[in-house]
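Inspection log for the structure reproduced underneath, given as structure tokens.
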Amino acid sequence: MTEISTSRYQGKDVQLQTTSQEMLAKFAIDYSSYFKFDMYSSISKLQEFLEEAAAKLDEFSSLFEMNESESKDWIEQSLPSIIANSVRTTSDFRKRIDTFQGLVEELKAVLDRLEAQVTQAEQSFGTSSSLRSMFNYFRKTEPHEVPAKIPFEPVSIDVDKFFTTN
Numbered sequence: 001m002t003e004i005s006t007s008r009y010q011g012k013d014v015q016l017q018t019t020s021q022e023m024l025a026k027f028a029i030d031y032s033s034y035f036k037f038d039m040y041s042s043i044s045k046l047q048e049f050l051e052e053a054a055a056k057l058d059e060f061s062s063l064f065e066m067n068e069s070e071s072k073d074w075i076e077q078s079l080p081s082i083i084a085n086s087v088r089t090t091s092d093f094r095k096r097i098d099t100f101q102g103l104v105e106e107l108k109a110v111l112d113r114l115e116a117q118v119t120q121a122e123q124s125f126g127t128s129s130s131l132r133s134m135f136n137y138f139r140k141t142e143p144h145e146v147p148a149k150i151p152f153e154p155v156s157i158d159v160d161k162f163f164t165t166n
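See the structure below:
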């Protein structure tokens with residue numbers, strides 16, 4: 001089978017006659033260029049990729065081992081000292097809380113004595129003072145019985161004993 005095709009060559013239309021065999025051969029040659037495979041360049045690219053991956057894996061492995069050894073050191077050395085310090089500080093805080101609780105109890109006792117003395121003084125003079133209402137503002141308590149005669153005693157509190165470290 002002969003085919004006539006028209007092509008443009010140097011600005012002029014040229015008619016070419018080709019047979020089916022020639023067309024098929026030309027088509028096969030053109031199409032085979034798509035299947036050309038350069039084995040060497042493909043293998044070299046794969047080899048480069050594998051070398052890079054191996055280097056990154058080596059780097060990651062060394063970082064992982066370094067991290068593992070550091071965390072093991074931390075667990076063996078730092079963690080026990082942290083636990084010991086937490087036990088010690090818990091004990092210290094309990095002592096401090098007990099000390100401050102003692103301070104609060106002593107202040108409460110002194111405040112009760114002062115309130116009793118103010119009440120006695122008010123009864124003696126027959127007046128009602130705003131001083132007592134000031135004490136009640138800070139401490140809401142129910143009224144209690146006041147002894148008949150309470151001698152006046154100056155109040156002194158040694159707070160230094162509550163704030164010194166042992």
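In this text, residue positions in the sequence shown follow my numbering: the first is 1, and each later residue adds one. We put the CB at the ideal spot given by N, CA and C, even for glycine.
- Thr89 carries a helical assignment under DSSP once its states are collapsed to helix, strand and coil.
- Excluding residues up to 5 positions away in sequence, Phe162 lie with their Cβ nearer than 6 Å to the Cβ of Thr99 in the same chain.
- Between Val159 and Leu103, the CB-CB gap stays under 8 Å.
- Between the alpha carbons of Asp38 and Glu48 lies a distance of about 16 Å.
- Taking a C-beta distance under 8 Å as the contact criterion, Ile157 and Leu114 do not qualify as a contact pair.
- Straight across, the Cα-Cα distance linking Thr90 with Ser81 is about 14 Å.
- Under the three-state reduction of DSSP, Thr164 is assigned to coil, being neither helix nor strand.
- Annotation for Glu65: no residue places its beta carbon closer than 8 Å to its own, counting only its chain and skipping 5 residues before and after.
- DSSP places Asp73 in the uninterrupted alpha helix (DSSP H) bounded by 39-73.
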